[in-house]
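Here the structure is laid out as structure tokens; the discussion comes afterwards.
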Amino acid sequence: MDDSATAQTAAPAETLKPRSELRDTLSFLLKLAILVFIVRSFVFAPFSIPSGSMLPRLLVGDYLFITKWNYGYSKHSLPWSLPLIPGRVFAKDPARGDVVVFKAPPDAKTDWIKRVIGVPGDTVQMRGGQLILNGKAIPKERVADFVLPMTPNADCDAAIEATAEGTPVCRIARYRETLPGGKSYDVLDAGMSPGDDTELFTVPAGHVFLMGDNRDNSSDSRFEPALDTSGVNRGGIRFVPIENIQGKAVVSFWSTDGSASWVLPWTWFSAARFERIGDGF
3 MDDSATAQTA APAETLKPRS ELRDTLSFLL KLAILVFIVR SFVFAPFSIP SGSMLPRLLV
63 GDYLFITKWN YGYSKHSLPW SLPLIPGRVF AKDPARGDVV VFKAPPDAKT DWIKRVIGVP
123 GDTVQMRGGQ LILNGKAIPK ERVADFVLPM TPNADCDAAI EATAEGTPVC RIARYRETLP
183 GGKSYDVLDA GMSPGDDTEL FTVPAGHVFL MGDNRDNSSD SRFEPALDTS GVNRGGIRFV
243 PIENIQGKAV VSFWSTDGSA SWVLPWTWFS AARFERIGDG F
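Numbering of the sequence shown is given in our numbering, commencing with residue 3 and proceeding in unit increments.
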């Protein structure tokens, strides 16, 4: 019998390369970073509210999401304003009344949030605290006062008073404005301030005129930028290029009154303003 016909050659045992946990971890983190970069640049991004310029709609300590596709994309859509997108692509002008997050002039380094009041070609003016748009006074209806409990995150420019229970609150006169097209929102007016009477502004092409809802406590398009010795803008923003807009505010997803402590986990919940979560724009 010819053993050569039936003999089987033993296959060499396959040598398995040891897996590198470090390499796998780095690969996962890289993929995660790319995914976060794409989502944050082109879909939505979170922002926090550091000041009271958009009271009563937004309080200090609110966190919100903005959508990124509404007005197209520019380099300011990307983290750190990476210069990877020339100009603005898929461009679309914002509408009056939209609340937008943008890179504030003149240096376009800081994120600000304001409401769109004037679009290209509009004329805007304030007279005695009354908004005049394209020569017509915007309806301004007196509504119930805005009452803000005093917490570590409260931002109050008005007199502080006590409720019947002795709780200190900030009370400010509130009005409802209605823009052409029917967009309504609440504004605060604590009294006369430098921004209540302005020159007549004409919004140039490719720009918008933005204002805060807290009219007496907002640095916005009513004022020229004013840089201090360290280069920080202590003034306004005048006309904002639409290219600077990063996205449109859509929903609040968290809010805290500022009384929480990182070392006391239970205060993370006691400080939360749950009633503000889910509020849309």
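Note that beta-carbon positions come from the ideal geometry of N, C-alpha and C, so glycine has one too. These figures come from a predicted structure and were not determined experimentally.
What is the C-beta distance between residue i and residue j, in whole angstroms, given that I count them as a contact (C-beta under 8 Å)?
i           : j           : result
residue 208 : residue 247 : So it is not a contact: roughly 11 Å between Cβ atoms.
residue 61  : residue 51  : 7 Å
residue 172 : residue 146 : Contact doesn't hold; Cβ gap of about 14 Å is too wide.
residue 205 : residue 122 : 5 Å
Which term fits residue i, buried or exposed, when burial requires 16 or more other beta carbons within 10 angstroms of its beta carbon?
i           : result
residue 3   : In this prediction, residue 3 has a pLDDT of 49, which is less than 50 and means its spatial position is unreliable; what the coordinates show is noted afterwards. Exposed is the call here.
residue 251 : buried
residue 263 : exposed
residue 254 : buried
residue 116 : buried
residue 136 : exposed
residue 1   : In the structure as shown, the chain starts at 3 and stops at 283, and residue 1 therefore has no counterpart that could be examined.
residue 120 : buried
residue 202 : exposed
residue 176 : buried
residue 2   : Because the chain here runs from 3 to 283, residue 2 falls outside it and cannot be looked at.
residue 2   : There is simply no residue 2 to check, as the chain begins at 3 and stops at 283 in what is shown.
residue 9   : A caution first: residue 9 carries a pLDDT of 48, below 50, which makes its placement in the model too unreliable to give a value.
residue 266 : exposed
residue 234 : exposed
Would you give the residue range spanned by the alpha helix (DSSP H) that residue i belongs to?
i           : result
residue 186 : Premise fails: residue 186 lies in the beta strand (DSSP E), 186 to 190, not in any alpha helix (DSSP H).
residue 31  : 23 to 44
residue 272 : 269 to 272
First and last residue of the beta strand (DSSP E) that includes residue i?
i           : result
residue 231 : Element bounds for residue 231: n/a, residue is neither H nor E.
residue 2   : Summary: the structure shown does not reach residue 2, with the chain confined to residues 3 through 283, and so no result is reported for it.
residue 163 : 162 to 164
residue 178 : 170 to 180
Name the one or two DSSP bridge partners that residue i has.
i           : result
residue 50  : 65
residue 204 : 125
residue 216 : 190
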